[in-house]
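Chains as they are written, first to last, in our numbering: chain A, 338 to 563; chain B, 338 to 563.
Below you'll find the structure, written out as structure tokens, and then a few comments.
There are 2 protein chains.
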Amino acid sequence: MKISVSKEDHLKAIFHLQQEQGLVTTNALASALRTRPASVTDMLKKLKEQKLLIYERYKGFRLNNEGKKAAVQIIRKHRLWEYFLVKKLQFGWDEVHEIAEELEHISSRQLIERLDSFLGFPETDPHGDPIPDSQGRLQVRRQLSLSELPLNKVAQVSGIASQTSEMLELLQYNHIGLGTRLEIRKKFPFDNSLEIKVRNRPPVTLSAQVAKNVLVKDDESMAEKR
Amino acid sequence: MKISVSKEDHLKAIFHLQQEQGLVTTNALASALRTRPASVTDMLKKLKEQKLLIYERYKGFRLNNEGKKAAVQIIRKHRLWEYFLVKKLQFGWDEVHEIAEELEHISSRQLIERLDSFLGFPETDPHGDPIPDSQGRLQVRRQLSLSELPLNKVAQVSGIASQTSEMLELLQYNHIGLGTRLEIRKKFPFDNSLEIKVRNRPPVTLSAQVAKNVLVKDDESMAEKR
DNA sequence: TTTATATTTTAGCTTTGTCTAAAAATTAAT
DNA sequence: ATTAATTTTTAGACAAAGCTAAAATATAAA
């Protein structure tokens, strides 16, 4: 049976959500997709029907192997297209998400393999997220949220968890982007906001909400990779 | 109001059909889109509603200016993507049609302008069809069908009118492709089939049906272009 | 110019994906 | 351990796009 665009959107969103929690909830998925819980329930039934996820009513759900495989392929397409848009078409890394959301649904397998080759088999997309290979292998990265980073420890921004354009705009305004090296100068327990220092720039303050969504790798873990 | 994927397909097909006949008929459109006449009628009402075409029931229809503009943009996207697939991703010119059918529906205007620039503003797609510019200007070409070409006059293949993969396969098998120079050696009035000679190859016979769909430019008209 | 044929449209149904409002189940709180 | 609050599901509607079968219109033929 065919996997429609909407089903692909659901699979991808479930995949991302279950990375963090094991089980995904109806409400979480609905809000991730900007849709209604009732609509999610409808879709869950179809995806279960198609044997793409494990689901029992009122009990939460998660992708099975089939579902994960499908989701990873969509993510692969999304990230390869983002790479293409930034590296070949000169888009900024904060402008490409919506376009890639459309391109990721183009179905041709051959297209994506050739695109991969054309791009030189990149390993990470412009936001630093790893690109699954054609076998669907997704290398896991040891990265942590900026809010978990210890004080005065330099780290490099390796990803942005929640890529709304508002968020990306805020980061850009503060000269924080992929690869930026930074450290936490001060933590304010009152609201968990952080004072951040980027080299050659005055310090800036980030809210807990933002910090939670900025992913970093500290130098050790970068070194480890080499 | 939004133009859905299906509406785009209809607009494009109507545009192509009305290039040949002035008015398009319900049946012709239905068979071009491999759908049913009743479905076409439904869609025509919606497109008329959206003021994209001129239509009165039982009387045929054609695109108005708005509709033409929309159709040309879709054709522009289709042809730019085809060019991309062939020139950058190394697809054969006979493999790209279906993929471009999907890619042409990606909506971002900015994407297509940057793609155009990335490709170096090509003027024709891999089948020799002209690519409309960003203003929607479509240069008209003086080309004729192979079946109208005079005997023993060398001409260059400039386009394929009906691009089914079966047709393209047949042509490829006979080493006829875009840019191939050929001439007609013999015409068989019995079934209007033609004996064709391509340089360095043994002569081959083409049916009238195929010949009708192979478009050529004779050397004069090529020269005229310079 | 009637009659026959072909084309087009209407009427009514189906599927997919979405929604709201109400009911059911689960979880939390007193 | 009940009651209260939250979450999830069901029931019922709707819009988009397509289909079949029947009716309406137009075109061709006798």
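Beta carbons: idealized from backbone N, C-alpha and C, even for Gly.
- Counting other Cβ atoms within 10 Å of its Cβ, ASN537 (chain B) stays below 16 and is therefore classed as exposed.
- Between ASP470 (chain B) and the set B:ILE521, B:ARG413, B:GLY516, the nearest pair of CA atoms involves B:ARG413.
- Listed along chain A is no residue with a C-beta nearer than 7 Å to that of ILE449 (chain B); the closest approach is about 10 Å.
- Under DSSP, the beta-bridge partners assigned to GLY496 (chain A) are A:LEU552.
- The beta carbon of HIS415 (chain A) sits closer than 6 Å to those of ALA437, GLU441, all from its chain and outside the five residues before and after it, given in chain order.
- Think of a sphere of 9 Å around the beta carbon of PHE455 (chain B): the chain A residues whose beta carbon falls inside it are LYS425, LEU426, GLN427, in chain order.
- In the structure shown, TYR420 (chain A) adopts helical secondary structure according to DSSP, grouped into three states.
- Apart from the 5 residues on each side of it in sequence, ILE340 (chain A) sits with its Cβ closer than 7 Å to the Cβ of ALA407 in its chain, given in chain order.
- Cβ proximity to chain A below 7 Å picks out ILE436, GLU439, LEU440, ILE443, SER444, SER445 from the segment 433-446 of chain B.
- With a cut-off of 8 Å on Cβ pairs, the segment 520-534 of chain B is in contact with the segment 542-556 of chain B, counting three or more such pairs.
- For LEU475 (chain B), the closest of B:LEU483, B:ASP462, B:SER544 by C-alpha to C-alpha distance is B:ASP462.
- A straight-line Cα-Cα distance of about 14 Å links ILE391 (chain A) and LEU354 (chain A).
- Ranked by Cα distance from LEU481 (chain B), the options B:PRO539, B:SER495, B:VAL433, B:ASN402 are led by B:SER495.
- Of the candidates A:GLY429, A:SER376, A:LEU348, A:LEU348 places its Cα closest to the Cα of GLN387 (chain A).
- Not a single C-beta of chain A is nearer than 8 Å to the C-beta of LEU417 (chain B).
- Straight-line spacing of the CA atoms in ILE443 (chain B) and ARG522 (chain A) works out to 44 Å.
- Proximity of chain B to LEU505 (chain A) at the Cβ level (cut-off 8 Å) is not reached, the minimal Cβ distance being about 16 Å.
- For the options B:PHE398, B:GLU419, B:LEU519, B:LYS385, the alpha carbon positioned closest to that of LEU360 (chain B) is the one of B:PHE398.
- Judged by their CB atoms, GLY404 (chain B) and LEU381 (chain B) are not nearer to each other than the 8 Å cut-off.
- At a cut-off of 8 Å, the C-beta of LEU481 (chain A) has no neighbouring C-beta in chain B.
- Under DSSP, the beta-bridge partners assigned to LEU543 (chain A) are A:LEU531.
- No Cβ of chain A is located within less than 8 Å of the beta carbon of LEU389 (chain B).
- Of the other Cβ atoms in all chains shown, 16 or more fall within 10 Å of the Cβ of ASP466 (chain A); this residue is therefore buried.
- For LEU452 (chain A), the chain B residues whose Cβ falls inside 7 Å of its Cβ are LEU426, in order along the chain.
- Excluding its 5 nearest sequence neighbours in each direction, ALA367 (chain A) has C-beta neighbours in its own chain below 8 Å: ARG373, PRO374, SER376, VAL377, listed in chain order.
- Around the beta carbon of PHE525 (chain B), a 10 Å sphere encloses fewer than 16 other beta carbons of the protein chains shown; the residue is thus reported as exposed.
- When rounded, the separation of the alpha-carbon atoms in GLU450 (chain B) and LEU507 (chain B) is 35 Å.
- Only residues of its own chain outside the window of five on either side were considered, and among them LEU456 have a CB closer than 8 Å to the CB of LYS425 (chain A), listed in chain order.
- By alpha-carbon distance to LEU552 (chain B), the top candidate from B:PHE352, B:GLN500, B:LYS385 is B:GLN500.
- ARG474 (chain B) carries a coil assignment under DSSP once its states are collapsed to helix, strand and coil.
- Counting only residues of its own chain and dropping the five nearest sequence neighbours on each side, LEU515 (chain B) has a CB closer than 7 Å to the CB of TRP430, PRO463, HIS464, GLY465, VAL494.
- DSSP, reduced to helix, strand and coil, places ILE340 (chain B) outside both helices and strands of the structure shown, so it counts as coil.
- Residue range 398-400 is occupied by the beta strand (DSSP E) that includes LEU400 (chain A).
- Contact between LYS554 (chain B) and ALA492 (chain B) holds, with the beta-carbon distance rounding to 6 Å and staying under 8 Å.
- When DSSP states are grouped into helix, strand and coil, ARG536 (chain A) belongs to the coil group.
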